[in-house]
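In UniProt numbering, the protein residues as written are 1 to 121. Heads up, the beta-carbon is just placed ideally off N, CA and C, and yes, glycines get one too.
Right, here's the structure in full:
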């Protein structure tokens with residue numbers, strides 16, 4: 001089976017870095033990826049994709065890829081479920097990144113905030 005994802009987009013916030021009880025680094029962030037077409041108003045919309053990255057790559061990403069940084073990632077789609085505090089099962093789909101590459105330096109990224117809309121809540 002093939003499960004391969006390649007994305008290029010901008011980080012919508014600084015990565016959230018934490019450590020598992022086994023001291024494994026894990027970072028989560030959201031990547032805004034422009035769609036290839038414009039909507040009826042002539043505006044380009046973006047998809048907001050949740051991404052997880054592990055170990056040394058997680059620490060590197062948290063140190064270097066701040067909000068608005070243009071990055072490329074490759075990895076795979078993963079699904080999982082968990083039970084929330086209300087006892088409901090929640091279904092989550094996310095990209096598990098194997099690696100990333102910064103495609104634009106942080107100085108230019110500071111001007112990128114206006115390129116993407118607000119992340120949906």
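For residue j and residue i, believed in contact at Cβ under 8 Å, the rounded distance
i: residue 77; j: residue 93; result: 6 Å
i: residue 46; j: residue 65; result: Residue 46 to residue 65, Cβ: 17 Å. No contact.
Cα-Cα separation, residue i to residue j
i: residue 70; j: residue 102; result: 6 Å
i: residue 75; j: residue 58; result: 13 Å
i: residue 6; j: residue 61; result: 16 Å
i: residue 104; j: residue 98; result: 19 Å
i: residue 24; j: residue 40; result: 45 Å
i: residue 87; j: residue 80; result: 16 Å
i: residue 50; j: residue 1; result: 22 Å
i: residue 42; j: residue 22; result: 49 Å
Neighbourhood of residue i by C-beta distance below 6 Å, restricted to the same chain and skipping five residues each side
i: residue 52; result: 28, 94 and 96
i: residue 82; result: 90
Cβ neighbours of residue i in the same chain (closer than 7 Å, five flanking residues each side left out)
i: residue 44; result: 34, 35 and 38
i: residue 18; result: 26
i: residue 84; result: 90
i: residue 14; result: 66 and 67
i: residue 20; result: 26
Among the options, the one whose alpha carbon lies nearest that of residue i
i: residue 48; options: 99, 11, 91 and 4; result: 11
i: residue 9; options: 30, 2 and 15; result: 30
i: residue 100; options: 82, 84, 91 and 55; result: 55
i: residue 63; options: 6, 1, 16 and 3; result: 16
8 Å CB neighbourhood of residue i in its chain, flanking five on each side removed
i: residue 3; result: 76 and 77
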